[in-house]
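Please read the structure below before turning to the comments.
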Amino acid sequence: MLIENPQPNQRFYHSFDFPDRTVSGDWDLRGRFDEYIGQVQVRGRTLLDVGAASGFLSFEAEKRGAHVTSFDADSADRWQLGPGECIDYAYYEAMRNSYSYAHAALRSGARAIYGNVYSMADAVEPHDIVLIGQILVHLRDPIAAIEQSARCAKQTIIIAEGMMDTEEPTAIFTAGRPGYSWWYMSRGIYRQWLARLGFEVKAFSEAKYRCVVRDEDIAICSLVAERVAPTPQRPTP
C-alpha cells in the first residue's frame, strides 16, 4: 500500500518501506544506500547522520550494523531562508514527527540530537563516520558546517551533494532559490577545505537519484574522505 503520509502532521523527506506500508517522500533513495555513501563499510562503527530529516540514512546505516546518532535542527528558526520568506513551523514539526514515526515503526535504537549545526561539535561526541547528506546546499555557510563535521569525525567524512565537476575552487551563488538553496560548490572546494581540516578525499562517485517532489532524477556526487591529520584547533584567547 502506497500512501503519501501516514498522518496529516507527518511530512517525510525520504520514501520508506515500513513493515505494513510504503510511504512516499520528497526523495527516494530506497535500495541505493550503499551507493549513496560511496560503498563505505559502516558495520561496527559509530556514525553521525547530519541533517537526518526523516531518518532514512540513519536507519539504513543502523540496519547495516552501525551505531547511529541522528542530528538535525532544534527549531525551524535555524532554517536559513531568503528575504521575505516565511518560516513554516508546521512543516518543521511534521518532519520531526516523521522521524519519530519511522524510529518507532522500524524499532530503531538510533539516538537523536537536535541543535545548531554551526556549534554541533559542542553537542556531539566524535564518531567514526560523519555522513552529510544533501544539507550543505541549504546552508548559508557550508564551510563552517563542514568544519564542525570534521571536528566530530574520528575517521571518515561522507558528503553527498550536487557538485560542480571541476577541481577549480569555484562556486555558484544561488541566492536562496529554489527551496532555500544557497551554494553549488565544486569538487575542488571540498577537496581543498577538507585538506585544511585534516582529511584526504579518497573517492568521488556520481549517480542520479529520484527527486519525487520535482519528478526528475538529479545527479548527486558522493565524496569519501579519510582523516590523515588532526583538525587544527582554534587558539584560546
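Read in order, the letters of the sequence shown correspond to residues 0 to 236 in the numbering used here.
All C-beta atoms in this analysis are idealised placements derived from N, C-alpha and C, irrespective of residue type, glycine included.
Whether residue i touches residue j by CB criterion (8 Å)
i: Arg-190; j: Met-163; result: no
i: Trp-192; j: His-137; result: no
i: Asn-8; j: Ala-93; result: yes
i: Ile-188; j: Ala-159; result: no
Assigned secondary structure, residue i (DSSP; H/G/I helix, E/B strand, else coil)
i: Leu-56; result: helix
i: Trp-181; result: coil
i: Met-0; result: Confidence is the limiting factor: at Met-0 the pLDDT is only 43, short of 50, which leaves the residue's position unreliable, though a coordinate-based value still follows. In this structure, Met-0 counts as coil in the three-state DSSP scheme.
i: Val-212; result: coil
i: Glu-199; result: strand
i: Ile-36; result: coil
Sheet register partners of residue i (DSSP bridge)
i: Met-237; result: Residue numbering for the chain in the displayed model covers 0 to 236; residue 237 lies beyond these limits and cannot be assessed.
i: Thr-45; result: His-66
i: Ser-221; result: Ala-159 and Ser-204
i: Val-129; result: Leu-47 and Ile-156
i: Glu-167; result: Looking at the DSSP assignment, Glu-167 forms no beta bridge with any residue, so it has no partner.
Contact belief for residue i with residue j at Cβ below 8 Å, rounded distance in angstroms
i: Arg-95; j: Ala-65; result: Between Ala-65 and Arg-95 the Cβ distance is about 22 Å, and since that is not below 8 Å, they are no contact.
i: Leu-130; j: Ile-217; result: The Cβ separation is near 19 Å, so there is no contact.
i: Tyr-12; j: Gly-24; result: 5 Å
i: Pro-206; j: Glu-34; result: The sequence shown places Ala at residue 206, rather than the Pro named in the question. 6 Å between Cβ atoms; contact.
Residue i classed as buried or exposed, judged by whether at least 16 other C-beta atoms fall within 10 angstroms
i: Tyr-88; result: exposed
i: Phe-172; result: exposed
i: Pro-141; result: buried
i: Ser-118; result: exposed
i: Thr-165; result: exposed
i: Arg-44; result: buried
i: Val-22; result: buried
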